[in-house]
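Chains as they are written, first to last, in my numbering: chain A, 20 to 323; chain B, 1384 to 1769.
By construction, the Cβ of each residue, glycine as well, lies at the ideal position given by its N, Cα and C atoms.
Single-structure report; data block below.
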Amino acid sequence: MDATEIGLWGVPLAMLGGAIRVSTPFIFVSLGEAITERSGRINLGLEGTLVFGAMTAYAVAVMTGSPWLGLLAAAAAGLCFGLFHGWICRFRGVNGIALMLFGSGLAFFFGKPFIQPSAPDLPAIPFGGWSDVPQVQAALNVNALFLIGAALAVFLWWAFRNTRAGLILRVVGDSSDAARAMGLNPNTVRLIATGIGGALAGIGGAYLSLYYPGSWTEGISSGQGLMAVALVIFARWNPLGCFAAALLFGGAGALGPALQSVGVTQGYYLFYAAPYILTLVIMIATSSPSRSLAGAPGELSITK
Amino acid sequence: MADIVSSASVPVMLGAKCYPTALEWIARRAEALVIPLAALIVGMALFSLFIALVGKSPAQLYETMWRGGFGSWFSVQNSLSRAAPLLLAALCVALPARLGLVVIGGEGAIVLGGVAAAAMGVAASGAPAFFVILAMGVAGLAAGGIWIGAVGALRHYRAVNETITSLLMAYIAIALMNHLVEGPLRDPASLNKPSTEPLAEAYRIGNIPGMDVHWGLVVGIIACILSWLLIEKTRWGFAARIAGGNVRAAQVQGLAVGPLIVGFTALAGGFAGLAGMLEVAAVQGSANASLAAGYGYTGILVAFLARHNPLAIIPVAFLLGGIDASGGLIQRRMDLPDATVLVLQGMLFVVILFSETFYGRFKAFNPDLWQRGDLLKRPDLLKGTA
């Protein structure tokens, strides 16, 4: 079969493939943010963590030759950022927007020498081997991290309900007083939750630089860390919802490139804005001045 | 009757007797100066540590920074030029902040203000220069005002988080600008760098006489002064400060919080849009991707460093403009990446936000506590008041 023969079918196919490719960082960042927000804190600095994670992963992968070590380093770096954020947020009146600028600044500083060299990519699994159509093969070439992310979503969904750690997290998020009455220290729980959230955001960044788009540049993140915050609200703090929402956002992000692949170039930049517009519309649709959202942690705040 | 007189006079007498009121006046205001200055010093000290850790000399760095940003008339003019858009971008953060809103997407308003002004400049060409420049200014104000005003309206009427909305809208604005300058508004002659049609020379804004700094600096300073007057000396500003402290209290008092929020955010966005217009009319000569140069983001830092006080924004914008201006020299002289300046800004921002926790913690800045302490130590003074 010739590539041009599938014609416009290429658009949904490219969007499916794109959704899987583009959604992976969203999955990790939003799952991390879901953990943090369940503990009652919004981390607005994840964008910086994501960019720093992308740089760390790429740099370590270049130096060691192993993308998995890069991934690990990104998670560790993200953990450090998350813990720092968690620590700084426990002081009265402090919030974490600053880490957005700080993380990006540090990443650009240390990432300068790594713009040129190329790093090994994270492996992908070709699920499309049964088909002869190159577009189908391309769409079903699924990165291992996507599968890990899917499994993690299911695990977290289960763990929030059925484990002791999940219960502790939800108690702290819903009422600091109740948590203290149970003998828990809300600050410590939030610190750990923010740390884990940061580590997952770092992994999301590693995916960006080590698989798709697959190189380190200063414009590597296009707001994924920020959109993830909105995505978690849309998903009602439910990990399975996060996974579905991430796929939706990924699909929206893939719209522009998919249309371009079949030759539609008019208004390319407007299609490029599709994920942001989608996020905005969803935020407007799901917010209301008169009621708080169903499923929202009672203590949710950016200065906690 | 005598009792009432004496009870009223005791606190006044105490204040006058123990501490000169001038000292109290200074102490109350010193907090807003001492804490940011201390944070600035701590931030720079941490940055020195960072520079030392990567194997460079902090002393040489600060010396280079001084030379690049402040050390000569040439570099001062350069810093002032960069401060001009920062003044307006910082107002875009500071005005909503007085209402308790964290709006950090000023970049979007700058970009759209620039595009609107450029389009207006081309559309109105032929008219007298004064009117065209005025129309460009209005176009920039309107574009930015609508953009950020929408953020305020969504915040108040739909309870959508303004921080996230404003940043999302900044991404959308940049996409919109790319679409416009590469599509409908593109000058076919701009090959490598898609731009709108260049402004006629007559419609460009020149320099302040005797300086290599364009008039945007004056516009920015006037905007800061007007904003200060608005906040401190008008009833709208007073209402905004009440609403910023406690929305419920403001509503109970019958203040129209909705129009107040929309008005303040629209004005804030309008200032940022004006910054975009000035970039087009005074620097670039047309609208293109250079409009998204990050002034909106540096403006956030300026506003926080100035504690959202429009008058304080003026010196802080000069300081940050100077740091920005020295970036190139640091890169060339010390073989450091151009992101070095970003690291310093990020560190300053972290320390500044961290310093928020210290407000109201020091007794030295709070004369009320001095007196209460004295009264506790000398119960005999209290007898007359009972």
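>> For a test of the three-state rule: what should DSSP assign to A:T23, helix, strand or coil?
In response: Reliability of the predicted coordinates at A:T23 is poor, the pLDDT of 48 falling under 50, and no value is obtained from them.
> Using a beta-carbon distance below 7 Å, is A:K101 in contact with chain B?
Replying inline: According to the sequence provided, residue 101 of chain A is Gly. The question's Lys does not apply to it. It does not; no Cβ of chain B falls within 7 Å.
> Who are the near neighbours of A:V161 in its chain, counting only those whose CB is closer than 7 Å to its CB and skipping five residues on each side?
Replying inline: Non-local C-beta neighbours of A:V161 in its own chain, meaning closer than 7 Å and more than five positions away in sequence, comprise I39, A143, I144 and F146, ordered along the chain.
>> Quick check: what's the CA-CA separation for B:A1536 versus A:P308?
In response: B:A1536 and A:P308 have their C-alpha atoms roughly 12 Å apart.
> Could one say the Cβ of B:P1581 lies closer than 7 Å to chain A's Cβ atoms, at least one of them?
Replying inline: Contacts with chain A at 7 Å (Cβ-Cβ) do not include B:P1581.
>> Rounded to whole angstroms, what is the Cα-Cα separation between A:I46 and A:G216?
In response: In this structure, the straight-line span from the alpha carbon of A:I46 to that of A:G216 is close to 12 Å.
> Hey, A:C261 and A:S49 are a contact pair by Cβ (cut 8 Å); roughly how many whole angstroms apart?
Replying inline: Going by Cβ atoms, the distance from A:C261 to A:S49 rounds to 4 Å, so yes, they are a contact pair.
> For B:I1796, which residues from the same chain have a beta carbon less than 8 Å from its beta carbon, with the 5 sequence-adjacent residues on both sides left out?
Replying inline: Given that chain B is displayed from residue 1384 to residue 1769, the structure contains no residue 1796 of chain B and the question cannot be resolved.
> My guess is that B:A1658 and B:L1471 are in contact by the Cβ rule of under 8 Å, so how many angstroms apart are they, rounded?
Replying inline: That pair is a contact at about 4 Å.
> When we look at the beta-carbon of B:L1436 and count the other beta-carbons within 10 Å, is it buried (16 or more) or exposed?
Replying inline: With fewer than 16 neighbouring CB atoms inside 10 Å of its own CB, B:L1436 falls in the exposed class.
>> Is A:I107 close to chain B? Criterion is C-beta to C-beta, closer than 7 Å.
In response: Yes, contact with chain B.
>> Using only CA atoms, which one of A:G244, A:L297, A:P276 and A:Q279 lies nearest to A:I61?
In response: Cα-wise, what sits closest to A:I61 is A:G244.
> So B:I1418 is in the beta strand (DSSP E); what residue range does that whole segment cover?
Replying inline: For B:I1418, no beta strand (DSSP E) run applies; the uninterrupted alpha helix (DSSP H) run containing it begins and ends at T1404 to L1436, by DSSP.
> So, helix, strand or coil for B:V1486, using DSSP?
Replying inline: If DSSP states are grouped into helix, strand and coil, B:V1486 belongs with coil.
> When we look at the beta-carbon of B:P1567 and count the other beta-carbons within 10 Å, is it buried (16 or more) or exposed?
Replying inline: With fewer than 16 other Cβ atoms within 10 Å, it is exposed.
>> Quick check on this structure: which residue in B:P1642, B:L1524, B:I1713 and B:S1578 has the alpha carbon closest to the alpha carbon of B:G1491?
In response: With respect to the C-alpha of B:G1491, the residue from B:P1642, B:L1524, B:I1713 and B:S1578 having the closest C-alpha is B:L1524.
>> For B:L1482 and A:M34, what's the separation of their Cα atoms in angstroms?
In response: Rounded to whole angstroms, B:L1482 to A:M34 spans 42 Å at the Cα level.
> Relative to the alpha-carbon of A:F268, which residue among A:N257, A:V251, A:W256 and A:Q279 has its alpha-carbon at the smallest distance?
Replying inline: Nearest neighbour of A:F268 by Cα position, chosen from A:N257, A:V251, A:W256 and A:Q279, turns out to be A:V251.
> Bridge partners of A:I144, per DSSP?
Replying inline: A:I144 has A:V161 as its beta-bridge partners, per DSSP.
> Which stretch, first to last residue, makes up the alpha helix (DSSP H) that contains A:G72?
Replying inline: Note, A:G72: alpha helix (DSSP H), L65 to T83.
>> Going by the DSSP bridge assignment, what does B:T1579 pair with across the sheet?
In response: Paired residue(s): B:R1569.
> Helix, strand or coil for A:R109 per DSSP?
Replying inline: In the structure shown, A:R109 sits in coil (DSSP, three-state: anything other than H, G, I, E or B).
> Unbroken beta strand (DSSP E) runs of length 3 or more, entirely within the segment 1715-1759 of chain B: which are they?
Replying inline: Scanning the segment 1715-1759 of chain B for uninterrupted beta strand (DSSP E) segments of 3 residues or longer gives nothing; none is fully contained.
> What residues of chain B sit near A:N114, judged by a beta carbon separation below 7 Å?
Replying inline: Simply L1736.
> Counting Cβ pairs, one atom from each stretch, are 3 or more of them under 8 Å apart for the segment 277-286 of chain A and the segment 232-241 of chain A?
Replying inline: By the criterion of at least three beta-carbon pairs nearer than 8 Å, the segment 277-286 of chain A is not in contact with the segment 232-241 of chain A.
> Does A:V248 have its Cβ less than 7 Å from a Cβ in chain B?
Replying inline: Nearest CB-CB separation between A:V248 and chain B: below the 7 Å threshold.
>> Rounded to the nearest angstrom, what separates A:A249 and B:A1542 at their Cα positions?
In response: CA-to-CA, the gap between A:A249 and B:A1542 works out to about 13 Å.
> Does B:I1555 have its Cβ less than 7 Å from a Cβ in chain A?
Replying inline: Yes, contact with chain A.
> Just the Cα atoms here: how many angstroms apart are B:A1526 and B:S1573?
Replying inline: When rounded, the distance between both Cα atoms is 24 Å.
>> Which residue wins for smallest C-alpha separation from A:W256, given the options A:A172, A:A96, A:L219 and A:V208?
In response: Nearest option by C-alpha distance: A:A172.
> For the alpha helix (DSSP H) that contains A:A315, what are its first and last residues?
Replying inline: No residue range can be given for A:A315, since it is assigned to no alpha helix (DSSP H) and is classified by DSSP as neither H nor E.
> What span of residues does the alpha helix (DSSP H) with A:P44 cover, start to end?
Replying inline: Taken as a continuous stretch (DSSP letters only), the alpha helix (DSSP H) holding A:P44 covers G29 to R57.
> List, in order along the chain, the chain E residues whose C-beta lies closer than 9 Å to that of B:Q1728?
Replying inline: Reference to chain E is not applicable here, since the protein chains of this structure are A and B.
> Short check: CB of A:G317 to CB of A:A157, under 7 Å?
Replying inline: In this structure, A:G317 keeps its C-beta atom at 7 Å or more from the C-beta atom of A:A157.
>> Give the list of continuous alpha helix (DSSP H) stretches no shorter than 4 residues that lie fully inside the segment 1613-1643 of chain B.
In response: You should have 1618-1628 and 1630-1635.
> Ends of the alpha helix (DSSP H) at A:V251?
Replying inline: Q243 to F253 is the span of the alpha helix (DSSP H), which, as asked, contains A:V251.
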